[in-house]
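312 is the number of the first residue of the sequence shown in our numbering; add one for each residue after it.
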Amino acid sequence: MFDGSSVLITGGTGSFGKAFVRRILDNYKPRRVVIYSRDELKQSEMERDFDCPFLRFFIGDVRDLDRLRLAMRDVDYVVHAAALKQVPAAEYNPMECIKTNIVGAWNVVQAAIDLEVEKVVALSTDKAANPINLYGATKLCSDKIFVSANNIAGTHRTRFSVVRYGNVVGSRGSVVPVFKSMIEKGAKFLPITDARMTRFWITLQQGVDFVLKAFARMRQGEIFVPKIPSARIVDLATAMAPQLPQRVVGIRPGEKLHEVLCPKDEAFNTLEFHDHFVVKPAITFQEGVDYSINPLGETGKPVEDGFEYQSGSNPWFLSVEDIRTLVGGPFGR
312 MFDGSSVLIT
322 GGTGSFGKAF
332 VRRILDNYKP
342 RRVVIYSRDE
352 LKQSEMERDF
362 DCPFLRFFIG
372 DVRDLDRLRL
382 AMRDVDYVVH
392 AAALKQVPAA
402 EYNPMECIKT
412 NIVGAWNVVQ
422 AAIDLEVEKV
432 VALSTDKAAN
442 PINLYGATKL
452 CSDKIFVSAN
462 NIAGTHRTRF
472 SVVRYGNVVG
482 SRGSVVPVFK
492 SMIEKGAKFL
502 PITDARMTRF
512 WITLQQGVDF
522 VLKAFARMRQ
532 GEIFVPKIPS
542 ARIVDLATAM
552 APQLPQRVVG
562 IRPGEKLHEV
572 LCPKDEAFNT
582 LEFHDHFVVK
592 PAITFQEGVD
602 YSINPLGETG
612 KPVEDGFEYQ
622 SGSNPWFLSV
632 EDIRTLVGGP
642 FGR
């Protein structure tokens, strides 16, 4: 699919963007890969690290529609990864989060349709399902924008879908590098928000592979959700530093005990495939679209009434040893 094509990644200098670009370069022969982000230092560092003649670096913000239109000229595929993602920061700076995550999403949609991009996959988060914090609410709005964009596109060729998954192991801002830094600096304990807390976990490469597969699987308007394991925060702390005590410090503003990827309220629209779920669009773009079979020939079936894919009730949990395999450790010994 990507051989001979032009691909653009918003937020392309982040953890996902760099891993996605590396996978594209290792496995395909694209004509051009465009990195669109607002951090000139990270772009400079990435340009040196990759040293690839057909990488293109655009300094720009998804809040800037004109700049997006310029960057998307002659682009075939777009991955929208740019977002403000820190939950507490969003609570304290709501309008900044809204401008990037909601207005930015709308700008990506407009630019993609105007420039006749073929396919767009937007990255979402488990926090967008039944959100209780501003970050999750803005990503829910973003998801709705990208789903409804298929209706807005009309006779244009552009099609949009969404990928929604949980915490990425070791990504910037996740608890893993925070714990590791604390351990290396000689912390006397690890702070635990709540001993009952669970989260979905996915590796960076699994996330990249799932997004790549979504381009091949998508028709229009689906929200793709991978089947991934859960982990208990106390098990993560034990895996990384069994020698350190754990101290409960309380849940931060906007946090949940457990995260949801497929809400119970959308069970009637959810299909289960062998390694993922699909939340079908609630609105109709055209008659006769059968989401139970995708372009790869994979078939899905409706989930039961009241089904919810939640990190606390997930049948697949990582053990302490499983977590060590993913993140390394124990540290600090």
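For each residue, glycine too, the CB sits at the ideal point set by N, CA and C.
- Among D520, G447 and G565, which one has its Cα closest to the Cα of T504? The candidate whose alpha carbon is nearest that of T504 is G565.
- Please classify N404: does DSSP put it in a helix, a strand, or coil? Looking at N404 - three-state DSSP - the assignment turns out to be coil, as it is neither helix nor strand.
- Residue environment, W512, which counts as buried when at least 16 other CB atoms sit within 10 Å: buried
- Item | Cβ pair V590, E533 closer than 8 Å | yes
- Message: Our contact map puts V373 next to L379 with C-beta atoms below 8 Å; I'd like the distance itself, whole angstroms only.
- Response: 7 Å
- Item | Pair within 8 Å by beta-carbon distance, V389 and V344 | no
- Query: Hey, does A422 have any beta-carbon neighbour from chain B nearer than 8 Å?
  - Reply: Reference to chain B is not applicable here, since this structure consists of a single protein chain.
- Query: If I424 sits next to T469, beta carbons under 8 Å apart, how far is it from one beta carbon to the other, in whole angstroms?
  - Reply: Rounded, the Cβ-Cβ distance is 5 Å, consistent with contact.
- Mind the definition here: the segment 461-478 touches the segment 426-442 only if three or more C-beta pairs lie below 8 Å; say whether that holds. Counting C-beta pairs closer than 8 Å gives three or more between the segment 461-478 and the segment 426-442, which meets the contact rule.
- Query: If you pair each beta-carbon of the segment 401-418 with each one of the segment 444-458, do three or more pairs fall below 8 Å?
  - Reply: yes
- Is it a yes or a no for the segment 596-610 touching the segment 543-552, going by three-plus beta-carbon pairs under 8 Å? At 8 Å Cβ cutoff, the stretches do not touch.
- For N625, which three-state DSSP category applies? coil
- Query: Where does Q354 sit, in a helix, a strand or coil, going by DSSP?
  - Reply: helix
- Alpha-carbon to alpha-carbon, S624 and I594: 29 Å
- Query: Given that a residue counts as buried once 16 or more other Cβ atoms are within 10 Å of its Cβ, and exposed if not, what is A401?
  - Reply: Label assigned to A401: buried.
- Nearest-angstrom Cβ-Cβ length linking F313 and I335, presumed shorter than 8 Å: 6 Å
- What is the DSSP secondary structure of N441, counted as helix, strand or coil? coil
- Run through DSSP, which three-state label would S603 get? coil
- Please go through the segment 339-401 and give each complete beta strand (DSSP E) segment of 3 or more residues, from N-terminal end onward. 343-348, 366-370 and 388-391
- Message: Check whether the segment 606-614 and the segment 459-467 touch, using three or more Cβ-Cβ pairs below 8 Å as the test.
- Response: no
- Query: G323 and S355: beta carbons closer than 8 Å?
  - Reply: With a cutoff of 8 Å on beta-carbon distance, G323 and S355 are scored as not near each other.
- Message: Just verifying my parser: in three-state terms, what is the DSSP assignment at E495?
- Response: Helix at E495.
- Starting from E632, trace the alpha helix (DSSP H) both ways and give me its first and last residue. First-last of the alpha helix (DSSP H) with E632: V631 to V638.
- Task: To the nearest angstrom, report how far apart T509 and V480 are at their CA atoms.
- Result: 14 Å
- Message: Which residues does DSSP list as the beta-bridge partners of A433?
- Response: A433 pairs with H391 and V473.
- Task: Using 10 angstroms around the beta-carbon of A527, count the other beta-carbons present and answer buried if the total reaches 16, otherwise exposed.
- Result: exposed
- Message: Which residue marks the beginning of the alpha helix (DSSP H) containing I509, and which one marks its end?
- Response: Sequence inspection shows Thr at residue 509; the Ile mentioned does not correspond to that position. Note, T509: premise wrong, no alpha helix (DSSP H); beta strand (DSSP E) at T509 to I513.
- Message: Can you look up F313 in the DSSP assignment and give me helix, strand or coil?
- Response: coil
- Along the chain, where does the beta strand (DSSP E) that runs through T581 open and close? T581 to E583
- Message: Let me make sure I understand the geometry here. Which of G477, K538, E583 and I634 has the alpha-carbon closest to that of P626?
- Response: K538
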